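A.B. asks: Quick one: structure below, then a few questions.
Residue numbers (this note's numbering): 4 to 180.
Listed below in structure tokens is the structure:
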């Protein structure tokens, strides 16, 4: 599975926000001004990551966004400085921009987060199973789950064998008995 990059995240997020397949910073900048105000932060960050801020400034010239973008550019003179500010959650960068980066981090680490959550549910389910005298066989047969995957998850702590949804179903089942 390929790792999601910040630039890739921004492109997909802008597509979602604007409804446009365009990756042209001129078009995206104009859409941010007219139709999609929520796209103002990701379009600026994308232009900064691609080092194409002058092109974006041309698209938003004579608007309030131009002033905002220029102020941020004064504080963070390069894309590396801006990226460092995002990673460090620098308070000089407006919160709206930092939230875009936080959203990226959340999506990029979703698989790891899901696996950790599954392992926590496994721990709780195993404790309840011991207390209630339930076997793995009973769990996977009653829930009609794949025995090999459930055993690998419960016995060997392998969170890759079940989804977070399945781990939740196992825990819910054990709690309900």
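Each residue gets a CB set at the ideal place from its N, CA and C atoms; glycine is no exception. Remember, predicted model here, so these are calculated numbers, not experimental data.
Whole angstroms are fine: how far does the CA of residue 86 sit from the CA of residue 8?
C.D. replies: 12 Å
A.B. asks: Measuring alpha carbon to alpha carbon, tell me which residue in 104, 149, 178, 113 is nearest residue 137.
C.D. replies: Of all alpha-carbon atoms in 104, 149, 178, 113, the one lying nearest the alpha-carbon of residue 137 is that of 178.
A.B. asks: Jot down the residue ranges of each uninterrupted beta strand (DSSP E) in the region 56-124, minimum 3 residues, whole runs only, in chain order.
C.D. replies: none
A.B. asks: Can you list, in chain order, the residues of its chain whose CB lies under 7 Å from that of residue 44, leaving out five sequence neighbours each side?
C.D. replies: 99, 100, 103
A.B. asks: From residue 74 to residue 82, what distance separates their C-alpha atoms?
C.D. replies: 14 Å
A.B. asks: State whether the region 46-59 contacts the region 26-35, with contact taken as three or more CB pairs (one from each stretch) at a distance under 8 Å.
C.D. replies: yes
A.B. asks: For a test of the three-state rule: what should DSSP assign to residue 154, helix, strand or coil?
C.D. replies: helix
A.B. asks: Taking DSSP as the reference, what is the three-state secondary structure of residue 167?
C.D. replies: helix
A.B. asks: To the nearest angstrom, how far is the alpha carbon of residue 151 from that of residue 157?
C.D. replies: 10 Å
A.B. asks: For residue 16, collect the residues of the same chain with a Cβ closer than 6 Å to its Cβ; drop the 5 residues on either side in sequence, then sort them by chain order.
C.D. replies: 45
A.B. asks: Does chain D have any CB closer than 7 Å to the CB of residue 160?
C.D. replies: Any reference to chain D falls outside this structure, which holds one protein chain only.
A.B. asks: Might you give, ordered along the chain, the residues of its own chain that have their beta carbon closer than 8 Å to the beta carbon of residue 135, omitting 5 neighbours on each side?
C.D. replies: 177, 180
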